[in-house]
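I have placed the structure first, in the form of structure tokens, so that the comments after it can refer back to it.
Numbering (this note's numbering), first residue to last: 134 to 270.
Printed below as a string of structure tokens:
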């Protein structure tokens, strides 16, 4: 699941770089854009908090689905997991930054369709010896 955590983290780095900076009140009383680093740090903190609501449930769904659907064809399995891990992203609908939702949904889809290993749990009989005594995969 390290690959999921990496994809999740990369998504929040992208969010931190492209999402609006927000505003602060400057010394003269006018609104000013936050500095990039301050805004980026704020989005990284938000990403850590949302890991509790999006990341952990997604990992839980992936593992449970992998345990229960070992004999399913890879394309069907990927499609099912994609739909299921989009469910936790509903929490991002309550935010006011559209980029958070769009990038996180894209990261979930990219993980499920391109990065996730299928099958998640290799079958014990995957390596067997044929009649000549050679191993085949």
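The beta-carbon is built from N, C-alpha and C at its ideal position, and this holds for glycine as well.
Residue range 169-183 is occupied by the alpha helix (DSSP H) that includes residue 183.
The way I'd put it, the segment 190-207 doesn't touch the segment 225-233; fewer than three beta-carbon pairs between them come closer than 8 angstroms. Proximity of the segment 148-157 to the segment 168-187 meets the contact definition, three or more beta-carbon pairs being nearer than 8 angstroms. As computed with DSSP, residue 210 is found in no beta bridge at all. Taking the Cβ atoms as the reference, residue 218 lies roughly 13 angstroms from residue 144, outside the contact range of under 8 angstroms. The beta-bridge partner set that DSSP reports for residue 165 consists of 157. Following the DSSP letters along the chain, one finds residue 237 inside the alpha helix (DSSP H) bounded by residues 231-243. Boundaries of the alpha helix (DSSP H) harbouring residue 135: 135-151, taken from the DSSP string. For residue 246, there is no enclosing alpha helix (DSSP H), since its DSSP letter is neither H nor E.
By the C-beta density criterion, residue 250 is exposed, having fewer than 16 other C-beta atoms within 10 angstroms. Around the beta carbon of residue 203, fewer than 16 other beta carbons sit within 10 angstroms, so the residue counts as exposed. Under the 10 Å beta carbon count, residue 208 is surrounded by fewer than 16 other beta carbons and is classified as exposed.
Residue 222 is positioned such that its CB atom lies no closer than 8 angstroms to that of residue 242.
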